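Residue numbers (the working numbering), protein chains in the order written: chain X, 12 to 230; chain B, 836 to 1075.
What follows is a single structure, written as structure tokens, with notes after it.
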Amino acid sequence: MNLDFSQIVPSIPFILEGIGATLKFVSVSIMFGLVLGTILALFKISNKKWIKLPADIYTSIFRGTPLILQLMIIHYAIPQLFEYDIPVFLSAVLAFGLNSAAYVSEIIRAGIMAVDKGQIEAAEALGVGYKPMMMNIILPQATKNILPALMNEFITLTKESALVSTIGYMDLMRRAEIVGAQLYRNFEPLLFAGIIYWVMIFILTNIGNWLERRMRKSD
Amino acid sequence: MIKTIDLTKTFGEHTVLREITTTIDQGEVVAIIGPSGSGKSTLLRCLNLLENPSQGYIWIKNREITSPKVKKVEIRKDIGMVFQHFHLFPHMTVLENVMYAPIKVKNMKKELAVKIAKGLLAKVGLKDKIDAYPNRLSGGQKQRVAIARALAMEPEIMLFDEPTSALDPEMVKEVLDVMKDLTQTGMTMVVVTHEMNFAREVADRIIFMDEGKIMEEGNPKEFFTNPKTKRAEDFLSKVL
Ligand SMILES: Nc1ncnc2c1ncn2[C@@H]1O[C@H](COP(=O)(O)OP(=O)(O)OP(=O)(O)O)[C@@H](O)[C@H]1O
Ligand SMILES: [Mg+2]
């Protein structure tokens, strides 16, 4: 067995910097996906077809094609059309945010649909308008279904985030690859990066479990 | 107070209400009875536009609510509704359930809404439950909260859709008693019910429905002792 972790020690700070880069783009993507996904979800529960349809098509496209393809199109193909040299960070956030919005919108839509229809009728019978009904009655109840599923989506997004190394974004993955190439030893830096990913996901998973337990308690 | 003219409701091919024409006066207590699937709930739900009538007209307090110009929210402020399955807001306390609509819909000041809500909850016998969440209440208690919630909007009409059908037998009376009290206040009430004794004792008029039509209507004594139609006779022989 040819293993020697001492060789990567000088490169550890360089790899660790990737945590910040990964977290930064993941959190911006999550925010972006959350906002756009919420809007799309509200479109989807509309009973007007011309509002619902575009949101459904959007979801179908972003869930029906590989994320890496979406990333490549945004980073390499769009610039070809508009002659704009798009920064990697922006490409990464756009691809992950737009993609995540599709999943988030489905999660929120399903969460809202799972709220008992009687709640809507009760609110309507009291003369409550659409907006306060959504804000005060439907969404607070839907949150219980939505939050745990959203947590899962964020975990998936964090894991998949390593894809941005393919367009040259200096995230954890990319840095591990660079160190590997410099040292002609790939195993140690990749293993090191893998442990860091695992720790990050482990923390997120535990936050998710904790949230889910809390949600269930309030039943 | 309430007037329907040729009110018809279809779901797709299925005609559920057929040209319902009737009038309910202010302060009148009307019990709607009839076999399952006869359209009782649908008729009730048309009155506050939870269902959109397919044809015909509904007038409430000299206003045609079936006119496309009418805002549903406006109509519903004056009409309270109580459901078979209560539909309390589970994430709000009893007090919050009752004061939510007055504050949000009528822009009532919070102090006043609290005062009114507490008064109503005392009236339905739930003074000591105001801070409880609905899941801590029995069915009868839930339904009394639901009645208080509807009354908090100070409606002129109250609609009840089988308010006691989901209750354990021992809780039926406490809800019916609250409803009886309400009839004494001059409230206009339309009650879909399977409680024949309640209908006989409390209602001013019985509407008997079958297959989407009003087959027979009249005062309870006459209806129960001497039904005019064969359908009503058959129905009564089954439920009495
Ligand atoms: N939203 C709907 N879509 C399609 N059909 C419906 C809908 N609501 C009611 N119906 C049908 O309309 C008919 C009348 O229903 P309705 O609920 O008014 O009857 P009901 O007299 O209240 O019966 P029950 O005593 O069982 O409550 C039934 O055949 C029912 O299946
Ligand atoms: Mg019914």
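The beta-carbon is built from N, C-alpha and C at its ideal position, and this holds for glycine as well.
All figures in this text were calculated on a predicted structure; none of them were measured in a lab.
Given residue i as reference, the closest of the options once Cα atoms are compared
| i | options | result |
| --- | --- | --- |
| Ile855 (chain B) | B:Ser889, B:Pro870 and B:Leu1071 | B:Ser889 |
| Phe100 (chain X) | X:Pro151, X:Ser38 and X:Thr167 | X:Ser38 |
| Tyr968 (chain B) | B:Pro998, B:Ala985 and B:His922 | B:His922 |
| Pro937 (chain B) | B:Met916, B:Ser1000, B:Leu972 and B:Glu989 | B:Glu989 |
| Arg880 (chain B) | B:Phe918, B:Lys977 and B:Lys1048 | B:Phe918 |
| Asn897 (chain B) | B:Met916, B:Val1010 and B:Thr839 | B:Thr839 |
| Asn13 (chain X) | X:Glu171, X:Ile26 and X:Tyr195 | X:Tyr195 |
| Leu105 (chain X) | X:Val175, X:Ile214, X:Asn197 and X:Trp209 | X:Val175 |
| Ser57 (chain X) | X:Met145, X:Thr177, X:Ile178 and X:Gly219 | X:Met145 |
| Thr70 (chain X) | X:Tyr208, X:Ala113, X:Tyr180 and X:Ala133 | X:Ala113 |
Residue i versus residue j: straight-line alpha-carbon distance, rounded
| i | j | result |
| --- | --- | --- |
| Ile149 (chain X) | Ile131 (chain X) | 7 Å |
| Ile72 (chain X) | Met211 (chain X) | 29 Å |
| Ile893 (chain B) | Leu882 (chain B) | 7 Å |
| Gly847 (chain B) | Gly874 (chain B) | 15 Å |
| Val959 (chain B) | Thr76 (chain X) | 58 Å |
| Ile189 (chain X) | Asn197 (chain X) | 9 Å |
| Arg1060 (chain B) | Ser1072 (chain B) | Rather than Arg, the amino acid found at residue 1060 (chain B) in this sequence is Thr. Going by the C-alpha atoms only, they are around 11 Å apart. |
| Arg984 (chain B) | Pro151 (chain X) | 19 Å |
| Phe1017 (chain B) | Leu930 (chain B) | It is Leu, not Phe, that sits at residue 1017 (chain B) in the sequence shown. Spanning the two alpha carbons is a distance of roughly 20 Å. |
7 Å Cβ cutoff met for residue i and residue j
| i | j | result |
| --- | --- | --- |
| Asp1069 (chain B) | Gly869 (chain B) | no |
| Val864 (chain B) | Gly140 (chain X) | no |
| Asp963 (chain B) | Thr928 (chain B) | no |
| Gly108 (chain X) | Gly44 (chain X) | yes |
| Ala948 (chain B) | Met934 (chain B) | yes |
| Ile123 (chain X) | Leu161 (chain X) | no |
| Ala192 (chain X) | Met184 (chain X) | no |
| Gly29 (chain X) | Arg224 (chain X) | no |
| Leu158 (chain X) | Leu53 (chain X) | no |
| Met916 (chain B) | Ala32 (chain X) | no |
| Met993 (chain B) | Met1022 (chain B) | yes |
| Ile867 (chain B) | Val1027 (chain B) | yes |
| Tyr199 (chain X) | Ile19 (chain X) | Note on identity: in this sequence residue 199 (chain X) is Glu, with Tyr being the wrong assignment. Contact flag set, yes. |
| Gly138 (chain X) | Arg911 (chain B) | yes |
Host beta strand (DSSP E) of residue i (start-end)
| i | result |
| --- | --- |
| Val1026 (chain B) | Thr1023 to Val1027 |
| Ala866 (chain B) | Val864 to Ile868 |
| Met1006 (chain B) | Premise fails: Met1006 (chain B) lies in the alpha helix (DSSP H), Pro1004 to Thr1018, not in any beta strand (DSSP E). |
Residue span of the alpha helix (DSSP H) that contains residue i, given as start and end
| i | result |
| --- | --- |
| Asp963 (chain B) | From DSSP, Asp963 (chain B) is part of no alpha helix (DSSP H); its letter is neither H nor E. |
| Glu94 (chain X) | It is not in any alpha helix (DSSP H) - Glu94 (chain X) carries neither H nor E in the DSSP assignment. |
| Thr167 (chain X) | Leu150 to Glu171 |
| Tyr892 (chain B) | Tyr892 (chain B) -> not in any alpha helix (DSSP H); beta strand (DSSP E) instead, spanning Gln890 to Ile895. |
Assumed close pair residue i, residue j - CB separation to whole angstroms, cut-off 8 Å
| i | j | result |
| --- | --- | --- |
| Ile85 (chain X) | Ser102 (chain X) | 5 Å |
| Gly1047 (chain B) | Arg853 (chain B) | 4 Å |
| Ala1067 (chain B) | Phe1033 (chain B) | That pair is no contact at about 18 Å. |
| Arg979 (chain B) | Val1013 (chain B) | 6 Å |
| Leu955 (chain B) | Leu986 (chain B) | 5 Å |
| Glu886 (chain B) | Lys944 (chain B) | Actually they are not in contact, since the Cβ atoms of Glu886 (chain B) and Lys944 (chain B) sit about 34 Å apart, beyond 8 Å. |
Chain D contact for residue i (CB, 7 Å cutoff)
| i | result |
| --- | --- |
| Lys904 (chain B) | This model lacks chain D altogether; the protein chains it does include are X and B. |
query: Which residues count as close to ligand 4 when the rule is a CB under 7 Å from any of its heavy atoms, in chain order?
result: Ligand 4 is absent from the structure shown, which contains only ligand 1 and ligand 2.
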